[in-house]
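Visitor: The following block contains the structure, expressed as structure tokens.
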Amino acid sequence: MTTAVEFLRITDLHAFYGESHILHGVDLSVNRGEVVTLLGRNGAGRTTTLKSILGLVGHRSGSIMINGREAIGLPPHKIAHLGIGYCPEERGIFSSLSCEENLLLPPVVASTGLSVDEIYDMFPNLKERRMSQGTRLSGGEQQMLAVARILRTGAQLLLLDEISEGLAPVIVQALGRTIRMLREKGYTIVMVEQNFRFAAPLADRFYVMEHGRIVEAFSAGEMRSKMGMLHEFLGI
Amino acid sequence: MEIFGVPIQAFLGQLLLGLVNGSFYAMLSLGLAVIFGLLNIINFSHGALYMMGAYVAFLALDLLGLGFWWSLALAPLIVGGFGIIIERLLMRWIYKLDHLYGLLLTFGLALIIEGVYRYFFGVSGQPYPVPDALRGATDLGFMILPNYRAFVVLASLIVCLGTWYVIERTRLGAYLRAGTENPQLVQAFGVNVPLMVTLTFGFGVALAAIGGVLAAPVIQINPLMGSNIIIVVFAVVVIGGMGSILGSILTGLGLGVIEGLAKVYYAEASSTVVFVIMAIVLMVRPAGLFGKEK
Ligand SMILES: Nc1ncnc2c1ncn2[C@@H]1O[C@H](COP(=O)(O)OP(=O)(O)OP(=O)(O)O)[C@@H](O)[C@H]1O
Ligand SMILES: [Mg+2]
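Here is the structure:
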């Protein structure tokens, strides 16, 4: 391994929706090429952490360094151009756009993205259904599309929120293969996952959140010794 | 020859007149639909902005000697620019609030704009000449076609279908459609949504201004011309359903024609027929003919 280069560093992040104070000083860091998973119970603040990185919460404070640039004061459309791709929890497929229009929607933020042909090779279903209305796709296809469309943009840091949620086991396996392949290609990935069994074999490191704070951090190698703690926090 | 007891020449004449009015309805309701889609604001000042477009034509001719074609280019820029300032200064603050606030704000704005114009121009109408190139009429054999009216219908069709094409078939339009559904996510992808919102409002206003210039030679320009038409246009929007681009174009033209034909067959109903249709549509399809049920 070459020496680790930090791609994302969050320090003392506080986030608010209106009056409600959701994140209470989150600290975490992700190195280039790493796959990091945020674990936690429902409502722990994992989605809010991803949204805060993108500037999609009401108010936030602290520091978010992305690729050496401070993002805390930037508007959301500028943050994306620091090289971030976002796959939201609710997938965010647009019903007034066809499958292919959905795929082509996110603007290119760096020249390193996959071509449309490469993406169709990876997700043949999407090619078949490219003229269909986005929301006519099956749940699994929509999830593929939500991941696929951020691979086109050249974003190097992918924020993936519960991509395995509510999908059939074969689709979850296919998504697992996709994540592995993306890691081999050198993408940096932050995944929020409820499904520990999906995340466990994929991630290099784990953070556990509770009540808007990071309460545990461990690497894949330490997983065995942490099972007791995970059981307690997540009921796994 | 007659159609249901009406001479064909009179019938076709009214049909064309209906299409001309329908062209204005279509252009105005299209602007309203585009603005409502992205800004979530029911723009009550749309009629006043249409009136401003007509006055740009009047003043450009009166003060600067610039004719119709100049005005057709200048009015959308000037009035659209005015719209952009309004959006930046006023509308920006109320997007997150209930529709009602946008409605009140733009209604107040319409009253102020009309008040200012009444102060300077009174309430009597100003005539505006038909441009030289479009004077006169063409004999089609079965009817005499007034050139300017034909031009209005054609111009508005081009503008409306051009807008439809851009929104439904281009990348820019895909941003607009996606932004209408989920502006946050589109911005998270790196699109400058606030700028897009401003430009969209400017564009919707520019459509109204073009409508105003096109209307100048066929009506009397006066400060209340916007209030007069906007009530019908809102009925058109309700009938067509908010948010559908093609829907607002077709409904605008269609209702203009129905109004025109009502004049031929039952003149007393011509000013109410649109509202009768609105009531029926609301009963049968509350979301409008082309609207999506929520
Ligand atoms: N838009 C919002 N306005 C107010 N509070 C919110 C909003 N979104 C989330 N919250 C609150 O913030 C807290 C953290 O929510 P978040 O969505 O980040 O949790 P999570 O860890 O992603 O959990 P999960 O997705 O499993 O529900 C919760 O208490 C939630 O109720
Ligand atoms: Mg969540």
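So the sequence lines, in the order shown, correspond to chains Y and E.
Position one of the first sequence corresponds to residue 1 (my numbering), numbered consecutively onward.
Position one of the second sequence corresponds to residue 1001 (my numbering), numbered consecutively onward.
Don't be surprised by glycine CBs; every beta carbon is placed ideally from N, CA and C.
Consider the C-beta atom of Y:D161 and the heavy atoms of ligand 4; say whether any pair is separated by less than 8 Å.
Guide: This structure lacks ligand 4; its bound ligands are ligand 1 and ligand 2.
Visitor: Compare the C-beta of Y:G92 against all C-beta atoms of chain E and say whether one is closer than 9 Å.
Guide: Yes, Y:G92 counts as interfacial toward chain E.
Visitor: Quick check on this structure: which residue in E:L1015, E:G1013, E:Y1095, E:Y1117 has the alpha carbon closest to the alpha carbon of E:S1227?
Guide: E:Y1117
Visitor: I want to check one thing, is the minimum distance from the CB of Y:E252 to the heavy atoms of ligand 2 below 8 Å?
Guide: For residue 252 of chain Y there is no data in the structure shown, the boundaries of chain Y being 1 and 236.
Visitor: Could you please tell me which residues of the segment 74 to 89 of chain Y, in chain order, have their CB closer than 7 Å to any CB of chain E?
Guide: P76, H77, A80, H81, Y86, P88
Visitor: So E:T1200 packs on E:I1041, CB below 8 Å; how close in whole Å?
Guide: So it is not a contact: roughly 11 Å between Cβ atoms.
Visitor: DSSP state of Y:T37, grouped into three classes?
Guide: strand
Visitor: With a cut-off of 9 Å, does the C-beta of Y:G45 fall near any C-beta of chain E?
Guide: no
Visitor: Does the segment 1139 to 1157 of chain E touch the segment 1257 to 1273 of chain E, meaning 3 or more C-beta pairs lie closer than 8 Å?
Guide: Note that the segment 1257 to 1273 of chain E does not touch the segment 1139 to 1157 of chain E; fewer than 3 beta-carbon pairs, one per stretch, sit closer than 8 Å.
Visitor: Are Y:T188 and Y:R32 touching if we call contact CB-CB under 9 Å?
Guide: yes
Visitor: Mark E:V1276 as exposed unless 16 or more other C-beta atoms lie within 10 angstroms of its C-beta, in which case mark it buried.
Guide: exposed
Visitor: I'd like to know whether the C-beta atoms of E:G1241 and E:A1287 end up nearer to each other than 9 Å.
Guide: yes
Visitor: Are the C-beta atoms of E:G1241 and some chain Y residue less than 9 Å apart?
Guide: no
Visitor: Quick one: Cα of Y:Q143 to Cα of E:A1054, how far?
Guide: 50 Å
Visitor: Can we count Y:R46 as close to ligand 2, meaning its CB is less than 8 Å from some heavy atom?
Guide: yes
Visitor: Could you tell me the alpha carbon to alpha carbon distance between E:A1060 and E:L1214, rounded to whole angstroms?
Guide: 14 Å
Visitor: May I ask you to verify whether the segment 89 to 105 of chain Y touches the segment 134 to 141 of chain Y, counting CB pairs closer than 8 Å and requiring at least 3?
Guide: yes
Visitor: Is the segment 1181 to 1201 of chain E touching the segment 1015 to 1030 of chain E in the sense that three or more CB pairs, one from each, lie closer than 8 Å?
Guide: no
Visitor: Label Y:S219 either buried or exposed according to how many other C-beta atoms from any shown protein chain fall within 10 Å of its C-beta, with 16 as the threshold for buried.
Guide: That one is exposed.
Visitor: Based on the DSSP output, what are the partners of Y:G85 in its beta bridges?
Guide: Y:L158
Visitor: Compare the C-alpha of E:L1157 against each of E:L1019, E:G1013, E:L1012 and name the closest.
Guide: For the residues E:L1019, E:G1013, E:L1012, the minimum Cα distance to E:L1157 belongs to E:L1019.
Visitor: Tell me E:D1139's beta-bridge partners as DSSP assigns them.
Guide: Residue pairing from DSSP places E:D1139 in a beta bridge opposite E:I1144.
Visitor: Could you check if Y:V192 belongs to the surroundings of ligand 2, using beta carbon to heavy atom distance under 8 Å?
Guide: yes
Visitor: Taking C-beta pairs closer than 9 Å, name the residues in chain E that Y:L56 reaches, listed in chain order.
Guide: Q1184, L1185, Q1187, A1188
Visitor: Would you say Y:E101 lies against chain E (beta-carbon separation less than 9 Å)?
Guide: At a cut-off of 9 Å between C-beta atoms, Y:E101 counts as an interface residue with respect to chain E.
Visitor: Does ligand 1 have even one heavy atom less than 8 Å from the beta-carbon of Y:Y207?
Guide: no
Visitor: Please report the distance separating the alpha-carbon of E:H1099 from that of E:V1205.
Guide: Between E:H1099 and E:V1205, the C-alpha separation is close to 19 Å.
Visitor: Quick one: is E:N1040 near chain Y, going by C-beta distance under 9 Å?
Guide: At a cut-off of 9 Å, the C-beta of E:N1040 has no neighbouring C-beta in chain Y.
Visitor: What residue range does the alpha helix (DSSP H) around Y:D121 cover?
Guide: 116 to 122
Visitor: DSSP state of E:Y1050, grouped into three classes?
Guide: Helix at E:Y1050.
Visitor: Using a Cβ-Cβ distance under 9 Å, would Y:V109 count as near chain E?
Guide: yes
Visitor: Can you list, in chain order, the residues of its chain with a C-beta nearer than 6 Å to that of E:L1049? Leave out the 5 residues immediately preceding and following it.
Guide: V1079, V1205, A1208
Visitor: Which same chain residues, not among the five before or five after Y:K51, have their C-beta less than 7 Å away from its C-beta?
Guide: V57
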